[in-house]
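K.L.:
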Amino acid sequence: MRSTHILIALTIIGIFSTCETEIDITADGDNLPVVYGLLDPSASEQIFLINRTFLGNINALEIVTEEDSMLYEEVTGALEWYNANGTLVGSAPLQDTILQDKDLDGIFYAPTAKAYYIDSEDIWNNWPDMNDSQYFDYVYRLNVTADGKSITSETQMASTYGNGSGAIEQPIPGINSGIQLVQTFNPDGSTYNSNFRVVWNAGTNDVRNAIKQKIDVRFNYTEVYTDGSSAEKSVTFPIVTKDIDFPGQEVDEARNGSIFFERIANAIEAAGTPDDLRYRAIGTFDFILTVAGEDLTTYLNIGDNQVTAVGQSRPTFSNINEGEGIGIFSTRDIYVREKPLYTDGNENDLREMVDGQYTRELCFCDPTGESTEYTCADSNNWCQ
Numbered sequence: 060m061r062s063t064h065i066l067i068a069l070t071i072i073g074i075f076s077t078c079e080t081e082i083d084i085t086a087d088g089d090n091l092p093v094v095y096g097l098l099d100p101s102a103s104e105q106i107f108l109i110n111r112t113f114l115g116n117i118n119a120l121e122i123v124t125e126e127d128s129m130l131y132e133e134v135t136g137a138l139e140w141y142n143a144n145g146t147l148v149g150s151a152p153l154q155d156t157i158l159q160d161k162d163l164d165g166i167f168y169a170p171t172a173k174a175y176y177i178d179s180e181d182i183w184n185n186w187p188d189m190n191d192s193q194y195f196d197y198v199y200r201l202n203v204t205a206d207g208k209s210i211t212s213e214t215q216m217a218s219t220y221g222n223g224s225g226a227i228e229q230p231i232p233g234i235n236s237g238i239q240l241v242q243t244f245n246p247d248g249s250t251y252n253s254n255f256r257v258v259w260n261a262g263t264n265d266v267r268n269a270i271k272q273k274i275d276v277r278f279n280y281t282e283v284y285t286d287g288s289s290a291e292k293s294v295t296f297p298i299v300t301k302d303i304d305f306p307g308q309e310v311d312e313a314r315n316g317s318i319f320f321e322r323i324a325n326a327i328e329a330a331g332t333p334d335d336l337r338y339r340a341i342g343t344f345d346f347i348l349t350v351a352g353e354d355l356t357t358y359l360n361i362g363d364n365q366v367t368a369v370g371q372s373r374p375t376f377s378n379i380n381e382g383e384g385i386g387i388f389s390t391r392d393i394y395v396r397e398k399p400l401y402t403d404g405n406e407n408d409l410r411e412m413v414d415g416q417y418t419r420e421l422c423f424c425d426p427t428g429e430s431t432e433y434t435c436a437d438s439n440n441w442c443q
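If you count the sequence shown from 1, you need to add 59 to reach the numbering used here.
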């Protein structure tokens, strides 16, 4: 179960930590369900967190470390989907599960956390064609009852599927073409591609039901150590974030190729180099398009640049439509395009990664064997 499927409800602290002095915080009082869930067609499970507000006579930071203080005894719920005519097409019940390996350094209870989920197959198996636009016109309604308190919220499903090859137009599909970040290599200072373009169609045909859209770049590499062991590593950084103004908008952004090498170098240098590192084998670049539905966009924008510390207020947003509760139920989708750093016949990007001004001290080499000069098989390209 991927951690990226999970939206932890950290904002409960900011929402509920400020009280009027007249309130008896030890009273039994009412509590509210707090529901967080994102429908994600790229995920194998749809995850929902259903917690409750809490009152007590101890510090709030102590309360949230106790699982019982955050959970309802009885939770039932289901996801229903309706077509454009308002006809119920299908439904799937929520099932409970325990999320494992939760970060021990977080504020809330760990290392396990109770959550609720729906297998994506219970939804997708009802769809004969995932690229049929009518299914993204469906309305998805979440109904939850927690210890007798009922709430309802709705969303549509975001999609980055496009015409079958994904919504990203540039870099172009395929592993037979590199990304061409360097025009002319020079170890003392290369001439970089100042017009490296990232293009995607943010409109109804390629990206559906999404407002906030961004592309991150993930550079994958492998650290190989002197004892023969290895570890998969990656560096991820953002390059474009846009809120789409109208359907059909094309996003076309240019970036200087140098920023890729700068950001990779900065991240790896900050992490430090192991004493027993032999070399770092160059992997691929992933261009990751992530899109957020309208309500999720609103939630994220309201939270931008706001104080989230305990005891201080921040704006909040809830799209719970009916019943007693607050939270966010929306949608996102993720599309990944994999590209090699270089291809045979154009080694400028490879030369830059191995011997360029930003990354030459990081012991990169080519594990594919396509480059005889920079191959990982040559010990001259090793750190030690």
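All C-beta atoms in this analysis are idealised placements derived from N, C-alpha and C, irrespective of residue type, glycine included.
Fair warning: this is a prediction, and the values are worked out from it, not measured in the lab.
Cα separation between Pro426 and Asn378?
P.N.:
Counting only the Cα atoms, Asn378 lies some 49 Å from Pro426.
K.L.:
Would you mind sorting Arg391 into buried or exposed? The rule is 16 or more other CB atoms within 10 Å of its CB.
P.N.:
buried
K.L.:
Identify the continuous alpha helix (DSSP H) that holds Trp183 and give its terminal residues.
P.N.:
Start and end: Glu180 to Trp183.
K.L.:
Report yes or no: do three or more beta-carbon pairs, one from the segment 341-350 and one from the segment 272-280, lie closer than 8 Å?
P.N.:
yes
K.L.:
Under 8 Å between the Cβ atoms of Asn92 and Gly384?
P.N.:
What sits at residue 92 in the sequence shown is Pro, not Asn. Yes; because the gap between Cβ atoms is below 8 Å, this pair is in contact.
K.L.:
Tell me where the alpha helix (DSSP H) around Leu409 begins and ends.
P.N.:
Asn407 to Asp414
K.L.:
In whole angstroms, what separates the C-alpha of Pro399 from that of Ile303?
P.N.:
29 Å
K.L.:
Hey, is the segment 286-298 in contact with the segment 265-276, meaning 3+ C-beta pairs nearer than 8 Å?
P.N.:
Put simply, the segment 286-298 touches the segment 265-276. At least three CB pairs are less than 8 Å apart.
K.L.:
Between the Cα of Leu130 and those of Asn144, Asn90 and Gln159, spot the shortest distance and give me the residue it belongs to.
P.N.:
Asn90
K.L.:
Can you tell me whether DSSP reads Gln193 as helix, strand or coil?
P.N.:
helix
K.L.:
Tell me which residues share the same chain as Thr434 and place their Cβ nearer than 6 Å to its Cβ, disregarding the 5 neighbours each side in the sequence.
P.N.:
Asp425 and Gly428
K.L.:
According to DSSP, is Glu291 helix, strand or coil?
P.N.:
strand
K.L.:
So is the beta-carbon of Arg256 under 7 Å away from any non-hydrogen atom of the ligand ATP?
P.N.:
For the structure depicted, the ligand ATP is absent and the ligand set is empty, with no information on it obtainable.
K.L.:
Closer than 6 Å by C-beta to Ser289: which residues in its own chain qualify, once you throw out the five before and the five after it? Chain order, please.
P.N.:
Cβ within range, chain order: Thr281 and Val283.
K.L.:
Where do the N-terminal and C-terminal ends of the beta strand (DSSP E) with Asn260 fall, by residue?
P.N.:
Phe255 to Asn260
K.L.:
Taking 8 Å as the cut-off, decide whether the C-beta atoms of Arg200 and Glu139 are in contact.
P.N.:
yes
K.L.:
Between Gly321 and Tyr417, what straight-line distance do the alpha-carbon atoms span, to the nearest angstrom?
P.N.:
For clarity, residue 321 is Glu in the given sequence; the question names Gly instead. Those two C-alpha atoms are separated by around 6 Å.
K.L.:
Is Val198 near Glu213, with beta carbons less than 8 Å apart?
P.N.:
yes
K.L.:
Among the residues of its own chain, which have a CB less than 6 Å from the CB of Leu158, if the five just before and after it don't count?
P.N.:
Ala172 and Ala174
K.L.:
Look up Thr357 in the DSSP assignment and say whether it is helix, strand or coil.
P.N.:
helix
K.L.:
Considering only C-alpha positions, which residue in the set Ala326, Glu397, Asn268 and Gln154 is nearest to Thr356?
P.N.:
Asn268
K.L.:
Mind checking who Gly386 pairs with in its DSSP beta bridge?
P.N.:
Val94
K.L.:
Mind checking whether Gln239 and Asn405 have CB atoms under 8 Å apart?
P.N.:
yes
K.L.:
Kindly identify the DSSP beta-bridge partner or partners of Arg339.
P.N.:
Glu282 and Phe423
K.L.:
When the Cα of Asp286 is compared with those of Glu228, Ile270, Pro230 and Arg337, which residue comes out closest?
P.N.:
Arg337
K.L.:
Beta-carbon within less than 7 Å of Asn439's beta-carbon, same chain only, minus the 5 sequence neighbours each way: which residues are those?
P.N.:
none
K.L.:
Alpha carbon to alpha carbon, how far is Gln443 from Phe423?
P.N.:
12 Å
K.L.:
If you draw a straight line from the alpha carbon of Gly149 to that of Ile177, how long is it in whole angstroms?
P.N.:
13 Å
K.L.:
What does the Cβ neighbour count give for Arg396, buried or exposed, with the cut at 16 atoms within 10 Å?
P.N.:
Taking all protein chains shown into account, Arg396 has 16 or more neighbouring C-beta atoms within 10 Å of its C-beta and is therefore buried.
K.L.:
Could you tell me how far apart the beta carbons of Val458 and Phe388 are, in whole angstroms, since I believe they sit closer than 8 Å?
P.N.:
Outside the displayed span of the chain (60 to 443) sits residue 458, for which this structure offers no information.
K.L.:
Please report the distance separating the alpha-carbon of Gln371 from that of Asp311.
P.N.:
For Gln371, the pLDDT reaches just 40, beneath the cut-off of 50, and the residue's location in the model is therefore unreliable, leaving the point undetermined.
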